[in-house]
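First comes the structure, then the notes that go with it.
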Amino acid sequence: MTIQAVHFGDSGPKVETLHRNLLYLIRHQGGMIKETRSALEAELADDVATKSYGLGTTSVVGIFQYQIRNRGNLPLDLKKKFANIPLGRKDDGRGNGDVDDLTAEALDWLVKHVRAREKK
0 MTIQAVHFGD SGPKVETLHR NLLYLIRHQG GMIKETRSAL EAELADDVAT KSYGLGTTSV
60 VGIFQYQIRN RGNLPLDLKK KFANIPLGRK DDGRGNGDVD DLTAEALDWL VKHVRAREKK
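Take the sequence shown: its position 70, counting from 1, is numbered 69 in numbering that gives the first Met the number 0, and each next residue is one higher.
Quick look at the structure:
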């Protein structure tokens, strides 16, 4: 299912879809060590259990926002588009943690990219 815009304090199917996709990225994206995967899953655990968008979800989304925005292997059109993903402070390596429409599109792209690489 496609990730949709969803925000801190929300709950319901959109949040569950976001969690499912974040967990997929944590478990399957390359270049992440086991300890990082475990730490990110632990950070999401309470939110996943309560099916809510809380601080853990905000933190993990912020990490992926920063990663996507600074990714070197994006096609040029996506690099320009995703350059507008909102960041928090520029020095902390995180986005603002909110899933607006652009962040939802970027996370969907990343999930599809990781799935395609797994199939190869």
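For glycine and all other residues, C-beta sits at the position ideal for the given N, C-alpha and C.
>> Taking only three categories from DSSP, how would you classify Gly94?
In response: Note: Gly94 maps to strand in three-state DSSP.
> Per DSSP, which one or two residues make a beta bridge with Leu86?
Replying inline: Beta-bridge pairing links Leu86 to Gly94.
> Relative to the C-alpha of Tyr52, which residue among His18, Asp100, Leu39, Tyr23 is closest?
Replying inline: By alpha-carbon distance to Tyr52, the top candidate from His18, Asp100, Leu39, Tyr23 is His18.
>> Quick check on Gly96: buried or exposed, where buried means 16 or more other Cβ atoms within 10 Å of its Cβ?
In response: By the C-beta density criterion, Gly96 is buried, having at least 16 other C-beta atoms within 10 angstroms.
> Start and end of the alpha helix (DSSP H) containing Gln66?
Replying inline: Looking at the DSSP string, the run of the alpha helix (DSSP H) that includes Gln66 is 54 to 68.
> Which word fits Gly92, buried or exposed, when buried means at least 16 other C-beta atoms lie within 10 angstroms of its C-beta?
Replying inline: Looking at its Cβ environment, which holds fewer than 16 other Cβ atoms inside 10 Å, Gly92 is exposed.
>> According to DSSP, Ser10 sits in a beta bridge with which residue or residues?
In response: Within the DSSP bridge table, the entry for Ser10 names Ser51 as partners.
>> Considering just the uninterrupted stretch of the alpha helix (DSSP H) at Asp76, what are its terminal residues?
In response: For Asp76, the uninterrupted alpha helix (DSSP H) segment begins and ends at 75 to 81.
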